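Counting in numbering that gives the first Met the number 0, the sequence shown runs without a single skipped number right up to 166 at its last residue. Glycine is no exception: its CB is placed at the ideal position from the N, C-alpha and C atoms. Fair warning: this is a prediction, and the values are worked out from it, not measured in the lab. For reference, the structure is listed below as structure tokens.
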Amino acid sequence: MRHGRKINHLGRTASHRSALLSNMASSLIIHKRITTTVAKAKALRKYVEPLLTKAKVDSTHSRRIVFSYLQNKESVKVLFDEVALKIANRAGGYTRIIKLENRLGDNAEMCMMELVDYNLLLLTEGKTGSKKTRRSRRGRGKTSVTNEDVNVVVNDSPQIILDKEPE
0 MRHGRKINHL GRTASHRSAL LSNMASSLII HKRITTTVAK AKALRKYVEP LLTKAKVDST
60 HSRRIVFSYL QNKESVKVLF DEVALKIANR AGGYTRIIKL ENRLGDNAEM CMMELVDYNL
120 LLLTEGKTGS KKTRRSRRGR GKTSVTNEDV NVVVNDSPQI ILDKEPE
């Protein structure tokens, strides 16, 4: 039984797991979105969210702490220069996990993990302010022809003139 064991070991040794999470965190920070398995994404969320919180305070000490986890100068630079400015007002929940289809090879549950403030589709939808309502589809697309629509009869073939253009 796994009483009180909170860490998902992901079937790896401690050093392999820390290297995996460090590389995935660097990729997430640089690319803003990665595709991985659900188990790795949940482990990565616990790993990267404290680093994002630490990045809000731009000091030498916090940069060194974050670098000790990431071991990548480029990702630390992007984190403190770009990402920290976007997440400055957010209290937490910097990442989002969106489940995808299962992987073809081994049927593993796949997901896309992204930084919340970098999803342009969701950010633009939220700013429009107009909420679309659900409407019935009955009656749309069907145009019925009545006797009033038939105007002219030429050579025994009626020509139909509709008052409204079909949409």
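Quiz item: Sorted by chain position, which residues of the same chain lie with C-beta nearer than 8 Å to R89's C-beta, five sequence neighbours on each side aside?
Solution: Numbered from 1 along the sequence shown, position 90 holds the residue referred to as residue 89. Taken in chain order, the residues that qualify are V115 and D116.
Quiz item: Taking all protein chains shown into account, do 16 or more other C-beta atoms lie within 10 angstroms of the C-beta of K39, making it buried, or fewer, making it exposed?
Solution: Counting from one through the sequence shown, the residue named residue 39 turns up at place 40. Burial call: buried.
Self-check item: Reduced DSSP secondary structure (H/G/I, E/B, other) of V151
Solution: In the sequence shown, residue 151 corresponds to position 152, counting from 1. At V151 the pLDDT is 47, less than 50, meaning the model places this residue with poor confidence and gives no usable figure here.
Quiz prompt | Whole-Å CB distance - S21 paired with L78, under 8 Å assumed | solution = Locating residue 21 in the sequence shown gives position 22, where the first residue counts as 1. Locating residue 78 in the sequence shown gives position 79, where the first residue counts as 1. About 13 Å; that fails the 8 Å criterion.
Exercise. Would you mind sorting L84 into buried or exposed? The rule is 16 or more other CB atoms within 10 Å of its CB.
Key: On the sequence shown, position 85 is the one that residue 84 refers to. With fewer than 16 other CB atoms across the displayed protein chains lying within 10 angstroms of its CB, L84 is exposed.
Quiz item: Which word fits S67, buried or exposed, when buried means at least 16 other C-beta atoms lie within 10 angstroms of its C-beta?
Solution: Working through the sequence shown from its first residue, we reach residue 67 at position 68. The residue is exposed, with fewer than 16 neighbouring Cβ atoms inside 10 Å.
Exercise. Could you tell me which uninterrupted beta strand (DSSP E) segments, each at least 3 residues in length, are contained entirely in the region 27 to 113, listed from first to last along the chain?
Key: You should have 32 to 36 and 94 to 98.
Self-check item: T52 to T94 span [Cα, whole Å]
Solution: Locating residue 52 in the sequence shown gives position 53, where the first residue counts as 1. Locating residue 94 in the sequence shown gives position 95, where the first residue counts as 1. Between the alpha carbons of T52 and T94 lies a gap of roughly 12 Å.
Self-check item: Distance between N118 and T35 (C-alpha atoms, nearest Å)
Solution: The residue labelled residue 35 in the question sits at position 36 within the sequence shown. The residue labelled residue 118 in the question sits at position 119 within the sequence shown. Straight-line spacing of the CA atoms in T35 and N118 works out to 17 Å.
Self-check item: Neighbourhood of S61 by C-beta, 6 Å cutoff - its chain only, sequence neighbours within 5 removed
Solution: Taking the first residue of the sequence shown as position 1, residue 61 is located at position 62. Same-chain partners within the cutoff: K53.
Quiz item: Going by beta carbon distance, what residues of the same chain come within less than 6 Å of S74, once the five residues before and after it are set aside?
Solution: Position 75 of the sequence shown holds residue 74. S25, I28 and I29, listed in sequence order.
Exercise. State the Cα-Cα distance for the pair R136 and A18, rounded to the nearest angstrom.
Key: Here residue 136 refers to the residue found at position 137 when the sequence shown is read from its first residue. Here residue 18 refers to the residue found at position 19 when the sequence shown is read from its first residue. Straight-line Cα distance between these residues: approximately 53 Å.
Quiz item: Just how far apart, CA to CA, sit L99 and D57?
Solution: Mapped onto the sequence shown, residue 99 falls at position 100. Mapped onto the sequence shown, residue 57 falls at position 58. In this structure, the CA atom of L99 is about 35 Å from the CA atom of D57.
Quiz prompt | Per-residue burial, L50 [other beta carbons within 10 Å of its own, 16 or more giving buried] | solution = As a first step, residue 50 is located in the sequence shown; it is residue number 51 there, counting from the start. Around the beta carbon of L50, 16 or more other beta carbons lie within 10 angstroms, which makes this residue buried.
Practice problem: Work out the CA separation of I86 and D105 for me, nearest whole Å. | Solution: The residue labelled residue 105 in the question sits at position 106 within the sequence shown. The residue labelled residue 86 in the question sits at position 87 within the sequence shown. Distance from the CA atom of D105 to the CA atom of I86, rounded to whole angstroms, is 36 Å.
Quiz item: Got a sec? Which residues, its chain only, sit under 7 Å from K31 by beta carbon, not counting five neighbours each side?
Solution: On the sequence shown, residue 31 is found 32 positions in, with the first residue counted as 1. The residues E113, L114 and Y117, in chain order, have a CB closer than 7 Å to that of K31 in the same chain once the five nearest residues on each side in sequence are set aside.
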